[in-house]
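Encoded as structure tokens, the structure appears first; notes follow it.
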Amino acid sequence: MSLFVTPLVIPHAAQVIPTASAACSDIEVVFARGRLEPRGAGQIGNAFANGLRSKTGRSVNLYSVNYPANSEVDIGANDMSRHIQGIANSCPDTRIVVGGYSLGAAVTDVVLAVPMPFFGFTNPLPANAEQRIAAVALFGNGIQWVGPIGNFNPVYRDRTIELCHGDDPICNPTDPENWEAYWPDHLAPAYINAGMVNQAVDFVVGRL
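The sequence shown stops at residue 545 when you use the working numbering, and every number in between is there.
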């Protein structure tokens with residue numbers, strides 16, 4: 338059962354774009370948490386940002402994409418794109434890293450790979466912002482059923498790592514009849530305990 342579903346189009350308030358006077362970090366991680374995780378970046382997003390801090394020794398700011406994380410992919414995609422554009426415009430020396438887990442990976446897909454207006458996505462990235470994204474890390478991404486995001490947008494092919502843990506039924510086309518039995522492979526601790534967050538950190542460090 339895929340979580341990459343057609344989202345509800347729900348009105349939302351405008352978000353504030355960072356200004357040039359805002360403090361700029363060396364690395365800006367923009368991460369969308371998984372479905373039904375509490376507000377914030379989620380377990381994987383926090384572990385990923387902490388890993389980057391540890392392995393780079395540089396200042397890393399973690400921006401948690403602001404969306405309900407239920408099915409509203411459009412709200413998350415618009416917020417993610419808005420924040421990326423704000424950092425790109427305000428912090429010319431900051432390296433931007435984008436990521437998502439589960440439904441948050443679907444949010445990232447919409448921004449980077451399939452910016453289709455029928456999803457309620459109205460804020461596509463301009464080319465100059467695309468070029469500012471140093472790396473992309475995705476976990477449990479439902480679009481992997483049809484291919485990596487590099488197939489949809491070649492700009493990100495060499496900058497992206499997509500990880501699918503074991504028989505995770507969201508990203509691995511296993512037997513649909515057994516998706517409940519495989520569900521533990523999709524949970525955030527499974528990715529963390531398998532070392533996949535560290536794997537993503539190592540990949541991203543090599544592209545900063």
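From the three backbone atoms N, C-alpha and C, an ideal C-beta is built for every residue, glycine too.
Backbone CA spacing between residue i and residue j [nearest angstrom]
i, j, result
"I507", "V492", "24 Å"
"R372", "N407", "5 Å"
"Y438", "S362", "23 Å"
"G377", "D504", "26 Å"
"N383", "V366", "10 Å"
"S358", "I433", "Note that S358 has pLDDT 39, beneath the 50 cutoff, so the model's placement of it is unreliable and the number below is only indicative. About 18 Å."
"E374", "G394", "28 Å"
"D416", "L399", "14 Å"
"E517", "I480", "19 Å"
"F476", "D495", "16 Å"
"V541", "N530", "19 Å"
"A464", "A414", "17 Å"
"V342", "A525", "At V342, the pLDDT of 37 sits below 50, so the modelled position is not reliable and the matter cannot be decided from this model."
Residue i, DSSP secondary structure in three states
i, result
"Y404", "coil"
"L475", "strand"
"V483", "coil"
"S358", "In this predicted model, S358 has a pLDDT of only 39, less than 50, meaning its place in the structure is not dependable enough to derive any value."
"V367", "strand"
"L399", "strand"
"I470", "strand"
"E374", "coil"
"D446", "helix"
"N465", "helix"
"P513", "helix"
Candidates the options, of which the one nearest residue i by Cα
i, options, result
"A360", "R390, G423, A378, A518", "G423"
"A450", "D430, V473, I433", "V473"
"G388", "A518, I364, S418", "I364"
"N403", "R370, F385, P429, T511", "R370"
"R469", "N488, N426, I498, A442", "N426"
"F489", "P461, V541, V447", "V447"
"I412", "L440, I486, G487", "L440"
"Q536", "C501, I486, H523", "C501"
Cβ distance (whole Å) where residue i is taken to contact residue j below 8 Å
i, j, result
"L545", "A471", "6 Å"
"V444", "V410", "5 Å"
"V538", "K392", "6 Å"
Unbroken beta strand (DSSP E) run spanning residue i, endpoints
i, result
"G437", "432–438"
"I498", "497–500"
Start and end residues, alpha helix (DSSP H) containing residue i
i, result
"T393", "379–393"
"A425", "410–427"
"F540", "533–542"
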